[in-house]
Structures are given as structure tokens and as C-alpha cells.
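Residue 40 in numbering that gives the first Met the number 0 sits at position 41 of the sequence shown, and the numbers go up by one each step. A virtual CB, placed ideally from N, CA and C, is assigned to each residue, including glycine.
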Amino acid sequence: MIVLASASIDKLRQVPMSFWFNVAIVIVGFVGGIWILRRIREMNKIILMILICLFLSMVGFNWIYQRNEPHFLTPLIDRIAPFFPSKGKH
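Dropping the structure here:
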């Protein structure tokens, strides 16, 4: 059993430090996300809806300007795009 434990520790030492840094970022992001969701649950619903609409409109206008929307939304964006400015092709 001690041999297996020492082999496992040796394998963990061979893992690059950047991997552990990425794992730490994911854990902090997960805990931060839970914290943010708990704060959002306590928010006024009208303010929350305004913030969601602002965020979605910023993302939508960015998609229209840059034309980097997800593939499944391309038919919808194709119909909307002529009414808004776009980056064009350079």
C-alpha cells in the first residue's frame, strides 16, 4: 500500500504547475459563481431584468457588428444585420 501511495505522489509531482493553476482558477470561479447566484437571488427582479436585457443586447450587437454569432443563430442574425452597422470585410 505504501508503494502505491508513493507512486501516486510521484505522478502528482510530474503534473505541470500550470495545470494546478488552472484547477485553482476553476475552483475559485465555481465558488464565485455560487456567491454571485446567491446575491442575484436577493436582487430586485426589475433591476435584474434590466441588467439581463442590457447584457443580452450588448452581446447581440457585438454578434451583429463582428458577425461571430453561433452557427445556429446565423439565419436570425442574417435577417437583422442589414438594419445595423457592421464591421464589413477588409
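Item	Value
If I follow the unbroken alpha helix (DSSP H) through Ala80, where does it start and stop?	Where Ala80 is concerned, there is no enclosing alpha helix (DSSP H), given that its DSSP letter is neither H nor E.
Alpha carbon to alpha carbon, what distance is there between Leu36 and Phe54?	16 Å
Output the distance between the C-alpha atoms of Phe82 and Ile39, rounded to the nearest integer angstrom.	34 Å
Please report the straight-line C-alpha distance between Phe18 and Ser5, rounded to a whole angstrom.	21 Å
Should Phe63 go down as buried or exposed, given a rule of 16 or more other Cβ atoms within 10 Å for buried?	According to the sequence displayed, residue 63 carries Ile and not Phe. Flag for Ile63 reads buried.
Could you spell out where the alpha helix (DSSP H) holding Arg66 opens and where it closes?	Where Arg66 is concerned, there is no enclosing alpha helix (DSSP H), given that its DSSP letter is neither H nor E.
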